[in-house]
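**Student:** Residue numbers (the numbering used here): 27 to 341.
Think of the CB as a built atom: it goes at the ideal place given N, C-alpha and C, for glycine as much as any other residue.
None of these values were measured; they are calculated from a predicted model.
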């Protein structure tokens, strides 16, 4: 029997343009050279990573205009399966600009394209009617400003009706509303955690009671809290309370690091790996991603090396 596909949803897709300059100038022209253009947006990044790891994926996203056409061509060239929901407005282009003199990078992210109701309802319909029934839905990225904050929550409810598990990586009020419906796995960062009401200390031990309380409220089966350079935490309905710390790596680009985490943890869960091992690989994937250019996790040998150096402790 052919394995079930994983669907990803990106409501704010983009073409990511990577460029380089010798030096930033604040009061005159900063001359740049484009190095490459890549498909971008949370769910699209996740789908491409998963496919690279041998998992059948289809990326669903709304797109229109010149950049919508370019995004589709880039995905075709990459061999990525996708369903593009047509929209009237222009798809966004984001910019990653590296300064060679300092080694610093600017990651300029713009709001997603404006969608009318018919267009965003079509995105939900595409997920509901996808056949054969997918194994998982990964919702990753922000909502465009025109789409109601309840959009993801409504979609999670629809997924429950179809017995479809959801992996969630978003922020703000759309995150809060979706978690009220309960998901399979959620990845939070420190800002998300504070927005959900956390006001305590910075250490994993201090954060743990609040994270456990959110789990007890039914927000997710597995809750991950990323801590930047201090690794990540996991609490699970299985009773796991873990902290993972990757080895130190040289930071090249933060673009796609969170998507790499979600991709690899989702992949390992899909392949039947224990939750703690999937979590460890997710942490390693984020570290591997920030140490390489682009928005994708491309070097799997490097991922394995980083995983070997990732330390898991019980909380």
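1) Assuming the contact rule is C-beta atoms closer than 8 Å, residue 74 and residue 119 should be a hit. Round their C-beta distance to whole Å, please.
2) Measuring CB atoms only, is the region 57-76 touching the region 140-156, in the sense that at least three cross pairs come out at less than 8 Å?
3) By a C-beta neighbour count over all protein chains shown, 10 Å radius and 16 as the cutoff for buried, is residue 130 buried or exposed?
4) Can you give me the Cβ contacts of residue 311 inside the same chain, cut-off strictly under 7 Å, excluding the 5 residues immediately before and after it?
5) Within 7 Å: the Cβ of residue 89 and any heavy atom of the ligand ZN?
6) Just mark residue 60 as buried or exposed, buried being the case when its beta carbon has 16 or more other beta carbons within 10 Å.
7) Please confirm whether residue 233 and residue 259 have their CB atoms less than 8 Å apart.
8) Is the CB-CB distance between residue 100 and residue 64 below 8 Å?
9) In angstroms with no decimal places, state the Cα-to-Cα distance between residue 430 and residue 134.
10) For residue 178 and residue 208, what's the separation of their Cα atoms in angstroms?
11) Got a sec, what are the start and stop residues for the beta strand (DSSP E) residue 209 sits in?
12) Just to check my reading of the structure: residue 145 and residue 235 have Cβ atoms closer than 8 Å, yes? What is that Cβ distance to the nearest angstrom?
13) May I ask you to verify whether the region 250-267 touches the region 32-48, counting CB pairs closer than 8 Å and requiring at least 3?
14) Considering only residues of the same chain and omitting the five flanking positions on each side of residue 269, which have a CB-CB separation below 7 Å?
15) Less than 8 Å between the C-beta atoms of residue 261 and residue 237, yes or no?
**Tutor:** Reading it off the structure:
1) Actually they do not touch by this definition, with Cβ atoms about 18 Å apart.
2) The region 57-76 and the region 140-156 do not touch, with fewer than 3 CB-CB distances between them shorter than 8 Å.
3) exposed
4) 286, 287, 289, 290, 323, 329
5) Questions concerning the ligand ZN fall outside what the structure shown contains, since it holds no ligand whatsoever.
6) exposed
7) yes
8) yes
9) The requested residue 430 is not part of the displayed model; the chain covers only 27 to 341.
10) Spanning the two alpha carbons is a distance of roughly 11 Å.
11) 209-214
12) About 42 Å separates the beta carbon of residue 145 from that of residue 235, a gap too long to meet the 8 Å contact definition.
13) no
14) Non-local beta-carbon contacts of residue 269 in its own chain, meaning distances under 7 Å to residues more than five positions away in sequence, involve 230, 257, 259, 339, 341 in chain order.
15) yes
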